[in-house]
Amino acid sequence: MHMSDNLLEQILHSVARRMKEDFEATRAFQHKGGMGTSREGIFHTFAASHLPGHVEALHNAEIISVNGQRSAQCDTVICDRSTPPLLDSGGYAVVPNECVYGLVEVKSSLDGDGLRQDCEKIRKAKSLPKVAYQKNLGGQRRQAPDDFKPFPTVGMIFAFNSIDPESLGTHFAEWCSEHDRSQCPDAIWLLGKGYLGWLSPDEEALCPSKPGTNLHLVNPVPDGDIIYPLAMYMNVAFATAWMPPFDLMAYASSELGDSRKCWTEMADAGDDEVP
1 MHMSDNLLEQ ILHSVARRMK EDFEATRAFQ HKGGMGTSRE GIFHTFAASH
51 LPGHVEALHN AEIISVNGQR SAQCDTVICD RSTPPLLDSG GYAVVPNECV
101 YGLVEVKSSL DGDGLRQDCE KIRKAKSLPK VAYQKNLGGQ RRQAPDDFKP
151 FPTVGMIFAF NSIDPESLGT HFAEWCSEHD RSQCPDAIWL LGKGYLGWLS
201 PDEEALCPSK PGTNLHLVNP VPDGDIIYPL AMYMNVAFAT AWMPPFDLMA
251 YASSELGDSR KCWTEMADAG DDEVP
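Mapping of the sequence shown onto my numbering: position 259 corresponds to residue 259, and the numbering continues sequentially without gaps.
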(Lines of atoms letter the chains of each structure in order from A and count residues from 1; the text may use other names and numbers.)
(Lines give C-alpha, C1' and ligand atoms only; values in the text may rest on other atoms or scores of the structure.)
Protein backbone atom coordinates (compact mmCIF):
# COMPACT_ATOMS: atom_id res chain seq x y z
CA MET A 1 0.00 0.00 0.00
CA HIS A 2 1.43 3.36 -1.03
CA MET A 3 1.37 6.22 1.36
CA SER A 4 -1.23 8.02 -0.81
CA ASP A 5 -3.63 5.12 -0.16
CA ASN A 6 -3.25 5.15 3.63
CA LEU A 7 -5.12 7.97 5.34
CA LEU A 8 -3.58 7.35 8.77
CA GLU A 9 -0.10 7.40 7.28
CA GLN A 10 -0.86 10.63 5.41
CA ILE A 11 -2.06 12.29 8.61
CA LEU A 12 0.98 11.19 10.62
CA HIS A 13 3.33 12.22 7.81
CA SER A 14 1.86 15.72 8.04
CA VAL A 15 2.39 15.55 11.81
CA ALA A 16 6.07 14.76 11.17
CA ARG A 17 6.41 17.78 8.88
CA ARG A 18 4.79 20.00 11.49
CA MET A 19 7.10 18.67 14.21
CA LYS A 20 10.11 19.48 12.03
CA GLU A 21 8.77 22.98 11.41
CA ASP A 22 8.17 23.51 15.13
CA PHE A 23 11.67 22.19 15.83
CA GLU A 24 13.20 24.69 13.42
CA ALA A 25 11.12 27.50 14.95
CA THR A 26 12.72 26.86 18.35
CA ARG A 27 16.05 28.01 16.94
CA ALA A 28 14.79 31.52 17.68
CA PHE A 29 15.33 30.83 21.39
CA GLN A 30 18.68 32.22 22.43
CA HIS A 31 18.74 30.43 25.78
CA LYS A 32 19.51 26.72 25.44
CA GLY A 33 17.29 25.87 28.39
CA GLY A 34 14.28 27.47 26.76
CA MET A 35 15.10 25.78 23.47
CA GLY A 36 15.35 22.35 25.06
CA THR A 37 12.14 22.76 27.05
CA SER A 38 10.27 23.86 23.95
CA ARG A 39 11.50 20.89 21.94
CA GLU A 40 10.56 18.47 24.71
CA GLY A 41 7.11 20.05 24.61
CA ILE A 42 6.80 19.36 20.87
CA PHE A 43 7.24 15.64 21.44
CA HIS A 44 5.08 15.64 24.56
CA THR A 45 2.18 17.17 22.62
CA PHE A 46 2.50 14.44 20.00
CA ALA A 47 2.69 11.65 22.59
CA ALA A 48 -0.27 12.94 24.57
CA SER A 49 -2.40 12.86 21.40
CA HIS A 50 -1.47 9.37 20.23
CA LEU A 51 -1.53 7.21 23.37
CA PRO A 52 -4.39 4.87 24.34
CA GLY A 53 -7.04 6.61 26.43
CA HIS A 54 -6.32 4.78 29.70
CA VAL A 55 -2.76 6.15 29.92
CA GLU A 56 -1.44 9.70 29.98
CA ALA A 57 1.83 11.49 29.32
CA LEU A 58 3.35 13.73 32.00
CA HIS A 59 5.95 16.31 30.97
CA ASN A 60 8.96 16.75 33.28
CA ALA A 61 8.42 14.12 35.94
CA GLU A 62 10.45 12.16 38.46
CA ILE A 63 9.71 8.55 39.36
CA ILE A 64 9.97 7.37 42.97
CA SER A 65 9.77 3.85 44.38
CA VAL A 66 8.45 2.58 47.70
CA ASN A 67 12.00 1.96 48.98
CA GLY A 68 12.95 5.61 48.43
CA GLN A 69 14.88 5.22 45.18
CA ARG A 70 14.34 7.91 42.56
CA SER A 71 14.87 8.27 38.86
CA ALA A 72 16.50 11.24 37.22
CA GLN A 73 14.17 13.90 35.83
CA CYS A 74 12.38 12.39 32.81
CA ASP A 75 11.28 14.40 29.79
CA THR A 76 8.05 12.42 29.35
CA VAL A 77 6.61 9.79 31.69
CA ILE A 78 3.75 7.58 30.50
CA CYS A 79 1.58 6.39 33.37
CA ASP A 80 -1.85 5.09 34.29
CA ARG A 81 -4.52 7.77 34.14
CA SER A 82 -5.50 6.93 37.74
CA THR A 83 -2.02 7.89 38.98
CA PRO A 84 -2.05 10.11 42.09
CA PRO A 85 0.98 12.42 41.69
CA LEU A 86 2.88 12.60 44.96
CA LEU A 87 3.75 16.12 43.81
CA ASP A 88 2.27 18.07 40.92
CA SER A 89 3.33 21.69 40.71
CA GLY A 90 1.95 22.17 37.21
CA GLY A 91 5.32 22.03 35.50
CA TYR A 92 6.85 19.15 37.44
CA ALA A 93 5.48 15.95 38.92
CA VAL A 94 6.68 13.12 41.15
CA VAL A 95 4.89 9.84 40.43
CA PRO A 96 4.99 6.40 42.11
CA ASN A 97 6.72 3.77 40.00
CA GLU A 98 3.84 1.30 40.32
CA CYS A 99 1.78 3.58 38.07
CA VAL A 100 4.49 4.09 35.43
CA TYR A 101 4.28 2.29 32.10
CA GLY A 102 7.04 4.06 30.18
CA LEU A 103 9.35 7.03 29.75
CA VAL A 104 10.82 8.91 26.80
CA GLU A 105 13.98 10.99 26.74
CA VAL A 106 13.96 13.74 24.09
CA LYS A 107 17.08 15.06 22.37
CA SER A 108 17.59 17.98 20.00
CA SER A 109 20.58 16.08 18.61
CA LEU A 110 21.78 12.66 19.72
CA ASP A 111 25.43 11.55 19.69
CA GLY A 112 27.32 8.73 21.39
CA ASP A 113 27.81 10.53 24.70
CA GLY A 114 24.20 11.70 24.87
CA LEU A 115 23.04 8.20 24.01
CA ARG A 116 24.97 6.66 26.89
CA GLN A 117 23.59 9.26 29.31
CA ASP A 118 20.01 8.57 28.27
CA CYS A 119 20.55 4.80 28.32
CA GLU A 120 21.73 5.08 31.91
CA LYS A 121 18.70 7.20 32.89
CA ILE A 122 16.39 4.61 31.36
CA ARG A 123 18.30 1.72 32.97
CA LYS A 124 17.89 3.31 36.40
CA ALA A 125 14.17 3.93 35.90
CA LYS A 126 13.58 0.38 34.69
CA SER A 127 15.39 -1.06 37.72
CA LEU A 128 13.03 0.58 40.25
CA PRO A 129 10.76 -1.92 42.06
CA LYS A 130 6.98 -2.09 41.60
CA VAL A 131 5.40 -3.68 44.69
CA ALA A 132 2.79 -1.32 46.20
CA TYR A 133 -0.48 -2.76 44.93
CA GLN A 134 -3.61 -3.56 46.92
CA LYS A 135 -4.48 -7.21 47.33
CA ASN A 136 -7.04 -8.37 49.91
CA LEU A 137 -10.02 -6.56 48.35
CA GLY A 138 -12.64 -9.23 48.97
CA GLY A 139 -12.24 -11.02 45.65
CA GLN A 140 -12.59 -7.97 43.42
CA ARG A 141 -11.47 -8.68 39.87
CA ARG A 142 -9.00 -5.79 39.75
CA GLN A 143 -7.04 -6.72 42.86
CA ALA A 144 -3.48 -7.95 42.34
CA PRO A 145 -3.51 -11.76 41.94
CA ASP A 146 -0.89 -13.81 43.73
CA ASP A 147 0.99 -14.40 40.46
CA PHE A 148 0.68 -10.77 39.29
CA LYS A 149 3.67 -9.39 37.39
CA PRO A 150 3.81 -5.58 37.03
CA PHE A 151 3.82 -4.10 33.54
CA PRO A 152 7.51 -3.65 32.61
CA THR A 153 8.51 -0.04 32.05
CA VAL A 154 9.05 0.80 28.37
CA GLY A 155 12.04 3.07 27.77
CA MET A 156 12.53 5.08 24.58
CA ILE A 157 14.65 7.89 23.17
CA PHE A 158 13.37 10.38 20.58
CA ALA A 159 15.78 12.65 18.69
CA PHE A 160 15.06 15.49 16.27
CA ASN A 161 18.56 15.06 14.83
CA SER A 162 21.50 12.71 15.35
CA ILE A 163 24.86 11.48 14.16
CA ASP A 164 24.89 8.82 11.44
CA PRO A 165 22.28 6.19 12.46
CA GLU A 166 24.64 3.27 11.85
CA SER A 167 27.30 4.84 14.09
CA LEU A 168 24.66 5.48 16.71
CA GLY A 169 23.50 1.87 16.43
CA THR A 170 27.05 0.66 17.04
CA HIS A 171 27.30 2.80 20.19
CA PHE A 172 23.92 1.47 21.33
CA ALA A 173 24.81 -2.18 20.71
CA GLU A 174 28.05 -1.77 22.65
CA TRP A 175 26.27 -0.21 25.63
CA CYS A 176 23.58 -2.90 25.66
CA SER A 177 26.19 -5.69 25.55
CA GLU A 178 27.45 -4.50 28.94
CA HIS A 179 24.06 -4.28 30.69
CA ASP A 180 21.04 -6.36 31.63
CA ARG A 181 18.95 -6.55 28.46
CA SER A 182 15.70 -6.07 30.36
CA GLN A 183 16.98 -2.66 31.52
CA CYS A 184 18.08 -1.42 28.08
CA PRO A 185 16.04 1.10 26.04
CA ASP A 186 13.38 -0.57 23.91
CA ALA A 187 13.56 1.77 20.91
CA ILE A 188 15.34 4.87 19.62
CA TRP A 189 13.45 7.12 17.19
CA LEU A 190 15.39 9.45 14.87
CA LEU A 191 13.14 11.95 13.12
CA GLY A 192 13.62 11.74 9.34
CA LYS A 193 16.33 9.05 9.59
CA GLY A 194 14.87 5.80 10.92
CA TYR A 195 14.66 3.94 14.19
CA LEU A 196 16.54 1.35 16.25
CA GLY A 197 14.56 -1.44 17.86
CA TRP A 198 14.53 -5.09 18.89
CA LEU A 199 13.12 -7.89 16.74
CA SER A 200 12.77 -11.60 17.36
CA PRO A 201 14.01 -13.78 14.47
CA ASP A 202 10.47 -15.09 13.87
CA GLU A 203 8.57 -11.80 14.27
CA GLU A 204 8.29 -8.56 12.31
CA ALA A 205 6.91 -6.27 15.00
CA LEU A 206 9.15 -4.46 17.47
CA CYS A 207 9.31 -6.10 20.88
CA PRO A 208 10.80 -5.14 24.26
CA SER A 209 14.52 -5.43 24.84
CA LYS A 210 15.08 -8.99 26.09
CA PRO A 211 17.35 -11.98 25.50
CA GLY A 212 16.71 -13.67 22.16
CA THR A 213 16.06 -10.44 20.24
CA ASN A 214 18.39 -8.67 17.83
CA LEU A 215 18.96 -4.95 17.37
CA HIS A 216 17.83 -3.59 13.99
CA LEU A 217 18.20 -0.22 12.28
CA VAL A 218 15.02 0.34 10.28
CA ASN A 219 14.69 2.90 7.49
CA PRO A 220 11.41 4.79 7.10
CA VAL A 221 9.35 3.88 4.04
CA PRO A 222 10.02 6.03 0.93
CA ASP A 223 8.51 9.50 1.33
CA GLY A 224 7.54 8.52 4.86
CA ASP A 225 8.91 9.10 8.33
CA ILE A 226 9.25 7.41 11.70
CA ILE A 227 6.18 9.15 13.12
CA TYR A 228 3.85 6.55 11.58
CA PRO A 229 5.64 3.50 13.08
CA LEU A 230 6.18 5.42 16.34
CA ALA A 231 2.46 6.13 16.72
CA MET A 232 1.64 2.50 15.96
CA TYR A 233 4.30 1.27 18.38
CA MET A 234 3.09 3.47 21.24
CA ASN A 235 -0.48 2.32 20.77
CA VAL A 236 0.43 -1.37 20.66
CA ALA A 237 2.99 -1.16 23.49
CA PHE A 238 0.59 0.49 25.94
CA ALA A 239 -2.78 -0.90 24.80
CA THR A 240 -2.49 -3.83 27.24
CA ALA A 241 -0.93 -1.87 30.09
CA TRP A 242 -2.87 -2.18 33.33
CA MET A 243 -2.35 -2.16 37.07
CA PRO A 244 -4.30 -3.27 40.16
CA PRO A 245 -5.36 -0.51 42.58
CA PHE A 246 -2.32 1.39 43.80
CA ASP A 247 -1.48 1.13 47.51
CA LEU A 248 -0.57 4.69 48.51
CA MET A 249 -0.30 3.68 52.17
CA ALA A 250 2.87 1.73 51.34
CA TYR A 251 4.56 5.07 50.68
CA ALA A 252 3.66 6.49 54.10
CA SER A 253 6.87 6.93 56.09
CA SER A 254 5.06 6.63 59.43
CA GLU A 255 1.67 5.86 60.94
CA LEU A 256 -1.08 8.38 60.32
CA GLY A 257 -1.39 9.18 64.01
CA ASP A 258 -2.14 7.75 67.48
CA SER A 259 -5.65 7.25 68.79
CA ARG A 260 -6.41 9.90 71.41
CA LYS A 261 -9.87 8.68 72.49
CA CYS A 262 -12.19 5.88 71.42
CA TRP A 263 -15.98 5.79 71.58
CA THR A 264 -17.07 2.15 71.44
CA GLU A 265 -20.22 1.13 69.62
CA MET A 266 -23.17 1.78 71.94
CA ALA A 267 -26.24 -0.47 72.18
CA ASP A 268 -29.69 1.03 71.64
CA ALA A 269 -31.02 2.44 74.88
CA GLY A 270 -34.20 0.36 74.61
CA ASP A 271 -32.41 -2.97 74.43
CA ASP A 272 -32.12 -3.25 78.21
CA GLU A 273 -35.66 -2.21 78.97
CA VAL A 274 -38.04 -4.84 80.31
CA PRO A 275 -41.39 -4.84 78.46
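Ideal Cβ positions, reconstructed from N, Cα and C, are used throughout, including at glycine.
A quick note: this is a predicted structure, and the numbers were derived from the prediction, not measured.
- In this structure, the beta-carbon distance from E40 to V100 does not fall below 8 angstroms.
- By the Cβ-count criterion, W263 is exposed, with fewer than 16 other Cβ atoms from all chains shown falling within 10 Å of its own Cβ.
- D258 and P96 have their C-alpha atoms some 26 angstroms from each other.
- Judged by DSSP secondary structure, V236 falls within the alpha helix (DSSP H) whose first and last residues are 227-239.
- In the three-state DSSP reduction, E178 falls in the coil class, being neither helix nor strand.
- Inclusion of V77 and A241 in the CB contact set at 8 angstroms is not warranted, their separation being larger than that value.
- P201 counts as exposed, since fewer than 16 other beta carbons sit within 10 angstroms of its beta carbon.
- About 6 angstroms separates the beta carbons of G194 and V218, which is inside the 8 angstroms limit, making them a contact pair.
- Around the beta carbon of Q183, 16 or more other beta carbons sit within 10 angstroms, so the residue counts as buried.
- Counting C-beta pairs closer than 8 angstroms gives three or more between the segment 169-187 and the segment 111-126, which meets the contact rule.
- The C-alpha of L168 lies about 42 angstroms from the C-alpha of Q134.
- Annotated three-state conformation of G197 is strand, per DSSP.
- Assignment of E265 by DSSP, reduced to helix, strand and coil, places it in the coil class.
- Secondary structure note for K107: its beta strand (DSSP E) is the uninterrupted segment 100-107.
- Closest option to V66, judged by alpha-carbon separation, among S49, L51, V94: V94.
- Cβ neighbours of L230 within its own chain (closer than 6 angstroms, five residues either side excluded): W189.
- By the Cβ-count criterion, S109 is exposed, with fewer than 16 other Cβ atoms from all chains shown falling within 10 Å of its own Cβ.
- The three-state secondary structure of T83, taken from DSSP, is coil.
- Residue K126 holds the alpha-carbon nearest to the alpha-carbon of K210 among S82, K126, A47.
- Cβ-Cβ distances below 7 angstroms link G212 to S200 in the same chain, with the five nearest sequence neighbours on each side left out; the list follows chain order.
- Judged by DSSP in its simplified three-state form, D164 adopts coil rather than helix or strand.
- Counting C-beta atoms within 10 angstroms of its own C-beta, I11 has fewer than 16 neighbours from the protein chains shown and is therefore classed as exposed.
- In the three-state DSSP reduction, H59 falls in the strand class (E or B).
- In the structure shown, A47 falls within a helical segment according to DSSP collapsed to helix, strand and coil.
- Across the set D113, P52, C176, E178, the C-alpha of P52 shows the shortest separation from the C-alpha of D80.
- Collapsing the DSSP output to three states places N97 in a helix.
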